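Number of protein chains: 2
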Amino acid sequence: MDRTEPPEDPQSTPAPGSVRPGGRTARTRAAVLEATLAELVETGYADARIDRIAARAGVAATTVYRRWGSLENIVVDLADDLAVSIELPDSHTLEDNLRTVARAVLTLNEDPAHRAWLQVMVSAAVRSPKAREALSSVLAHRRDLTSVAVRHAVTRGEVPPGTDPHEVIRATVAPLYLRMYVTGEPVTPADADRAAAAAALAARAGLFVTRPPE
Amino acid sequence: MDRTEPPEDPQSTPAPGSVRPGGRTARTRAAVLEATLAELVETGYADARIDRIAARAGVAATTVYRRWGSLENIVVDLADDLAVSIELPDSHTLEDNLRTVARAVLTLNEDPAHRAWLQVMVSAAVRSPKAREALSSVLAHRRDLTSVAVRHAVTRGEVPPGTDPHEVIRATVAPLYLRMYVTGEPVTPADADRAAAAAALAARAGLFVTRPPE
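Going down the list, the protein sequences come from chains A and B.
Note that the numbering used here has the first sequence beginning at 35, numbered continuously upward.
Note that the numbering used here has the second sequence beginning at 35, numbered continuously upward.
In structure tokens, the structure reads:
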């Protein structure tokens with residue numbers, strides 16, 4: 035983050051809880067991320083070009099290259115920007131916390147910008163290893179963040195030691211992604227809750243314990 | 035199926051168990067399906083054209099239009115052609131049969147032709163409602179066929195009455211599709227078996243019973 039920024043204009047100060055340092059730098063970032071989404075939706079990932087993104091954002095292409103270095107890096111930053119924060123308290127059961135994770139997938143699916151981003155990436159990942167890597171990295175990062183729910187449950191003894199947190203999160207979100215990005219069926223809060231309940235049940239039964247190969 | 039065909043050439047008789055009536059008609063179908071896959075892989079679904087498919091197959095475009103009527107119909111027929119037959123005996127437990135279903139998803143993923151077909155369709159479905167409909171229809175048909183495993187289990191009392199067979203199948207295959215088509219992670223037989231075990235456990239616990247909204 036560039037620390038040589040002029041002081042923030044008080045008029046443009048973001049709401050508490052969403053503060054981000056930087057004024058012009060933050061505005062440049064926002065403009066570039068918005069331009070990237072527009073470029074991706076219009077041309078697809080394979081044909082997206084950083085010089086056109088820079089032109090859409092009204093900044094120099096060199097600024098974009100210096101800050102992000104590659105389209106994949108912008109795409110990952112965009113995904114972080116579109117994500118939602120969720121609370122997964124240790125005082126909640128695993129099923130409650132997995133329900134929060136599953137409902138967050140639905141919330142993101144209802145955000146047109148996030149849905150557009152993910153659709154473009156799923157579509158592109160089939161043909162582009164770089165797109166696959168960017169998408170895979172974003173989703174792995176999100177599993178890292180939500181894994182805390184599983185680690186809490188292991189510590190509390192609600193699920194067996196050795197339970198693989200990523201596998202529990204995958205089981206929770208997979209039926210939702212199947213509907214959203216493969217079969218194209220609608221997803222409802224009931225689907226989210228059912229997926230969370232099934233994943234929690236399987237985790238309690240020890241099905242997601244990672245064992246060394248025999 | 036055209037029944038005015040000349041008798042089959044014994045040299046080209048397929049192996050027992052894979053017999054399909056028709057000689058020239060069957061060869062035309064095989065050539066068109068093969069040409070469709072090549073066209074889809076090369077140009078994507080959005081740009082695939084029936085006249086080019088006909089030219090690749092060495093048949094008249096009118097023949098293709100008369101027999102299939104639309105690209106979507108050819109794509110659905112291609113998927114049926116690439117599918118594998120599986121046995122889901124009533125004498126097996128639900129978990130055993132779901133493991134067979136999950137392993138079949140892996141088998142299809144190892145077939146380059148089927149993998150190419152499904153990748154093209156997942157990629158196209160994001161932008162094309164017709165592609166989405168064709169893909170959705172193929173997968174719903176496969177769930178219909180594999181639902182017998184769940185219906186057996188309901189009749190035997192292994193899972194509660196009112197268990198939704200499609201939901202059980204979705205839960206079984208979803209973690210595999212997530213890896214194959216969203217995160218791009220490898221899928222292993224252990225992943226298939228774990229998904230089958232988790233879905234069977236949730237089904238036995240009554241999590242897939244469809245209740246009227248309260």
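Note that beta-carbon positions come from the ideal geometry of N, C-alpha and C, so glycine has one too.
As the structure is a prediction and not an experimental result, all values here were calculated from the model.
Contact criterion: CB-CB distance below 8 Å. Does residue i meet it with respect to chain B?
| i | result |
| --- | --- |
| Thr197(A) | no |
| Ala15(A) | A query on residue 15(A) cannot be resolved here, the shown segment of chain A reaching from 35 to 248 and no further. |
| Glu106(A) | no |
| Leu212(A) | yes |
| Ser157(A) | yes |
| Glu42(A) | Caution applies to Glu42(A), whose pLDDT of 40 falls short of 50 and renders its modelled position unreliable; the model cannot decide the point. |
Could you check whether the Cβ of residue i sits closer than 8 Å to any Cβ belonging to chain A?
| i | result |
| --- | --- |
| Ala236(B) | yes |
| Ser162(B) | no |
| Ala136(B) | no |
| Ser125(B) | no |
Please compile the residues from chain A whose C-beta is within a distance smaller than 8 Å of the C-beta of residue i.
| i | result |
| --- | --- |
| Ser170(B) | Thr217, Gly218, Glu219 |
| Val109(B) | By Cβ distance, chain A contributes nothing, its closest Cβ being about 15 Å from Val109(B), past 8 Å. |
List the residues of chain A whose Cβ lies closer than 7 Å to the Cβ of residue i, in chain order.
| i | result |
| --- | --- |
| Arg166(B) | Gly218 |
Name, please, each residue of chain A whose Cβ falls closer than 9 Å to the Cβ of residue i.
| i | result |
| --- | --- |
| Arg228(B) | Glu201, Ala205, Ala236, Leu241, Phe242 |
| Val139(B) | Under the 9 Å cutoff, chain A gives no residues; its nearest Cβ is about 11 Å from Val139(B). |
Can you give the beta carbon distance from residue i to residue j, rounded, assuming they're within the 8 Å contact cut?
| i | j | result |
| --- | --- | --- |
| Leu67(A) | Asp115(A) | 5 Å |
| Ala113(B) | Trp151(B) | 6 Å |
| Leu74(B) | Val154(B) | 5 Å |
| Val221(B) | Val216(A) | Between Val216(A) and Val221(B) the Cβ distance is about 14 Å, and since that is not below 8 Å, they are no contact. |
| Ala205(B) | Ala233(B) | 4 Å |
| Ala226(B) | Arg137(B) | 5 Å |
| Ala249(A) | Val118(A) | No information on residue 249(A) is available, as it lies outside the stretch 35 to 248 that chain A covers here. |
| Leu241(A) | Ala231(B) | 5 Å |
| Thr197(B) | Val243(B) | 5 Å |
| Thr141(B) | Glu192(B) | In fact, because the Cβ distance is near 25 Å, the residues do not count as touching under 8 Å. |
| Ala69(B) | Ala91(B) | 4 Å |
| Ser171(B) | Val98(B) | Contact flag wrong, Cβ pair sits at about 19 Å. |
| Ser181(B) | Pro199(B) | 3 Å |
| Ala168(B) | Glu106(B) | 4 Å |
| Gly78(B) | Ala187(B) | Actually they are not in contact, since the Cβ atoms of Gly78(B) and Ala187(B) sit about 40 Å apart, beyond 8 Å. |
| Ala95(B) | Asp85(B) | 5 Å |
| Ala237(B) | Ala236(A) | The Cβ separation is near 11 Å, so there is no contact. |
Mind listing the chain B neighbours of residue i? Cutoff is C-beta to C-beta under 9 Å, in chain order.
| i | result |
| --- | --- |
| Val118(A) | The premise fails here: Val118(A) is roughly 19 Å from chain B at the closest Cβ pair, so nothing lies under 9 Å. |
| Leu71(A) | By Cβ distance, chain B contributes nothing, its closest Cβ being about 15 Å from Leu71(A), past 9 Å. |
Taking residue i as the query, report the chain B residues whose CB atoms sit under 8 Å from its CB, ordered along the chain.
| i | result |
| --- | --- |
| Leu173(A) | Val216, Thr217 |
Taking the alpha helix (DSSP H) that residue i falls in, what are its first and last residues?
| i | result |
| --- | --- |
| Pro223(A) | 223-238 |
| Asp13(B) | For chain B, the structure presents residues 35 to 248; residue 13(B) sits outside this window and is missing. |
| Met155(A) | 146-159 |
| Ser170(A) | 163-180 |
| Arg86(B) | 84-91 |
| His200(A) | 199-211 |
| Leu8(A) | With chain A covering only 35 through 248, there is no way to say anything about residue 8(A). |
| Met99(B) | It is Tyr, not Met, that sits at residue 99(B) in the sequence shown. Where Tyr99(B) is concerned, the enclosing alpha helix (DSSP H) stretches over 95-102. |
| Ala75(A) | The sequence as given places Val at residue 75(A); Ala does not occur at that position. Its alpha helix (DSSP H) spans residues 58-77. |
Does the ligand NAP have a heavy atom nearer than 7 Å to the CB of residue i?
| i | result |
| --- | --- |
| Glu121(B) | The ligand content of the structure shown is nil, which means the ligand NAP is not present either. |
Residues from the segment 183-208 of chain A in contact with chain B, defined by Cβ distance under 8 Å: Glu201, Arg204, Ala205, Val207, Ala208
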